[in-house]
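For reference, the structure is listed below as structure tokens.
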RNA sequence: GGCCCCAUAGUCUAGCGGUUAGGACGUUGCCCUCUCACGGCAGUAACACGGGUUCGAAUCCCGUUGGGGCUGCCA
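Residue numbers (my numbering): 5 to 503.
As structure tokens, then:
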């Protein structure tokens, strides 16, 4: 089929959640794989629950994920006139009818049917009514006249299951097309828009399967060709229940704030329900290259944060440290001070990136460096026993640091805005760290001790933590003054606890 | 309750009538090592159940069970 066009049609009643993001992604890559177009339509006909901030969130989140519509975004609230003209057509052709039953009356009908153990459907009170002018001035809705011919059924072929799904017409109510306030309902507006905008393939959540026959009826009644349908299974929480807030983060923007990279989220979501052999790592280009509806799973998938974290750490590891610094600064809260974009920060970020699963974690691991001073926490330090020999070592280690040539710590005023500047500075960095390493090893052998024996003491002194980047890098990044300051502080700390 | 859909390890999945049922996350052990990671190696764990069809079934059909969805003047 040529001129393929897909769409994502969220309602702005909440932040873009990962389930929505996944169907958007599927729709987007399906269109792109086939050289088609992808459209975004905001279904804001529920004025009660729709909010501007959610619209903005949805569009920003999609952009963040690189899911970019090819056309201008459509808002259903701008298209009320269009829907009106089609409802007139249906009314004129007797395919829809006015219903004057009050909500209270409907509720009564419903309770009665349930009590009799029958399907709670509209009883059809107004189905054959021919309302006059006066009656039309009273509150009413417009219902679709479902074909009640005995044995009639309505179905469609689902591309995910590759199977025809059919429902008997008497399972389908005379559903409301236009509400009392004159605003069309979902099932009506969705059909008009998909038909008028030339959508060829509708990829959406499983929860719409039972709406589809209603929509097919509308396509037929309006004389439109029905598009193809592909219903993707839902994403469930760890307990197998429908994903909700109690399962933790569900909105895309929360994942951004929590330090996830869009590549990781896209990679995770595409693999949740879709596969390409045994491959796990996909860039957007690769997804587009390989994507096929045939390889989408029919069954629901449970969201697994562990695997997302693995992918996130994979992508963090592959990033240039300067890029990582920018990304961290991009998600920081307003009250946080941004990281400096310099060679020392980059050096630490580079060695810390394999130790962090999220950008937030990476940021935290840089704290010992970013903060001018550090605190020694008893709950960490109490695990270690320090004696006279440690004090003696610290003294000579202090001398060693103080004796280092200032040149080693100097990385000059290199322009980091261009690529060669960065490369040059990384080269200087490598040399500095190498020479610190050599001098430090000399120092150790002169003092008859090994790295293994002394590393933890030094690490604790410099960072206050049991986990840190390699010692040489810390010395380089902190610089002579801060190293000495921290050695002194640590010395005092030990003396204090020994008393 | 009715209707629709789904069913391979804890999780995501490969498989599309004949495989020692493959990969990944997680997890366990070992190696590497200044810590923790990273990396490398090895291990762990699955065809929901019952009937058919067939020489042969994870794969096809039916049922059972379990799960999910819908059953709105929400989308």
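Cβ coordinates follow ideal geometry from the N, Cα and C atoms, glycine included.
| Check | Outcome |
| --- | --- |
| Restricting to Cα atoms, I'd like to know which of 73, 426 and 17 is closest to residue 30. | 73 |
| Can you tell me where the beta strand (DSSP E) holding residue 158 begins and where it ends? | 157–162 |
| Going straight from the alpha carbon of residue 137 to that of residue 86, what length do you get? | 23 Å |
| Rounded to a whole number of angstroms, what is the C-alpha to C-alpha distance between residue 75 and residue 352? | 43 Å |
| Cβ of residue 364 within 9 Å of Cβ of residue 341? | no |
| Could you tell me which of 166, 226, 335 and 163 sits nearest to residue 194, measuring between CA atoms? | 226 |
| Excluding the 5 residues preceding and the 5 following residue 372 in the sequence, name in chain order all residues of the same chain whose CB lies nearer than 6 Å to its CB. | 378 and 467 |
| Using a Cβ-Cβ cut-off of 7 Å (strictly less than) and excluding sequence neighbours within five positions of residue 255, which residues of its own chain qualify? | 19, 20 and 21 |
| Using a Cβ distance threshold of 8 Å, determine whether the region 88–104 contacts the region 175–185, with at least three qualifying pairs required. | yes |
| Can you check which of these residues, 167, 231, 305 and 291, is closest to residue 245 by C-alpha distance? | 305 |
| Helix, strand or coil, according to DSSP, for residue 42 in the structure here? | strand |
| Output needed for residue 348: all residues of its chain with C-beta closer than 6 Å, excluding positions within five of it in sequence on either side, in chain order. | 481 |
| Take residue 48 and list the residues in its own chain whose beta-carbon comes closer than 8 Å to its own, dropping the five residues that flank it on each side. | 15, 16, 54, 59, 79, 80 and 81 |
| Could you give the DSSP three-state label for residue 404: helix, strand or coil? | helix |
| Which of helix, strand or coil does DSSP assign to residue 147? | strand |
| Does the region 135–150 come close enough to the region 109–124 that 3 or more CB-CB pairs lie under 8 Å? | no |
| Which value, in whole angstroms, describes the spacing of the CA atoms of residue 240 and residue 473? | 38 Å |
| If I measure Cβ to Cβ from residue 164 and keep anything under 7 Å in the same chain, skipping five residues before and after, which residues do I get? | 234, 235, 236, 297, 300 and 302 |
| Is residue 340 helix, strand or coil by DSSP? | coil |
| When the distance is taken between beta carbons, is residue 10 closer than 9 Å to residue 204? | yes |
| So, at 6 Å on beta carbons, what are the nonlocal neighbours of residue 390 in its own chain, with the 5 sequence-adjacent residues on each side left out? | 498 |
| Compare the Cα-Cα distances from residue 325 to each of 131, 335 and 345 and report the closest residue. | 345 |
| Among all the DSSP beta bridges, which residues are the ones paired with residue 172? | 157 |
| Is it a yes or a no for the region 402–413 touching the region 431–445, going by three-plus beta-carbon pairs under 8 Å? | yes |
| Could you check how far apart the C-beta atoms of residue 231 and residue 207 are, in whole angstroms? I think they sit under 8 Å. | That pair is no contact at about 10 Å. |
| Sorted by chain position, which residues of the same chain lie with C-beta nearer than 7 Å to residue 488's C-beta, five sequence neighbours on each side aside? | 402, 405 and 406 |
| Between residue 314 and residue 361, what straight-line distance do the alpha-carbon atoms span, to the nearest angstrom? | 7 Å |
| Between which residues of its own chain and residue 216 is the CB-CB distance below 7 Å, once the five residues before and five after are set aside? | 160 and 233 |
| For residue 367 versus residue 263, is the C-beta distance shorter than 9 Å? | yes |
| So residue 199 packs on residue 149, CB below 8 Å; how close in whole Å? | In fact, because the Cβ distance is near 19 Å, the residues do not count as touching under 8 Å. |
| Using a Cβ-based criterion (distance less than 8 Å to any ligand heavy atom), does residue 131 qualify as near the ligand ADP? | Ligands displayed in this structure: none; no statement on the ligand ADP is therefore possible. |
| Starting from residue 9, follow its DSSP beta bridges and name the residues at the other end. | 41 |
| Is residue 394 buried or exposed, if buried means 16 or more other CB atoms sit within 10 Å of its CB? | buried |
| Quick one: is residue 455 buried, meaning 16 or more other Cβ sit within 10 Å of its Cβ, or exposed? | exposed |
| Going by beta-carbon coordinates alone, are residue 469 and residue 384 separated by less than 9 Å? | yes |
| For residue 339, is the classification buried or exposed, using 16 other Cβ atoms within 10 angstroms of its Cβ as the cut-off for buried? | exposed |
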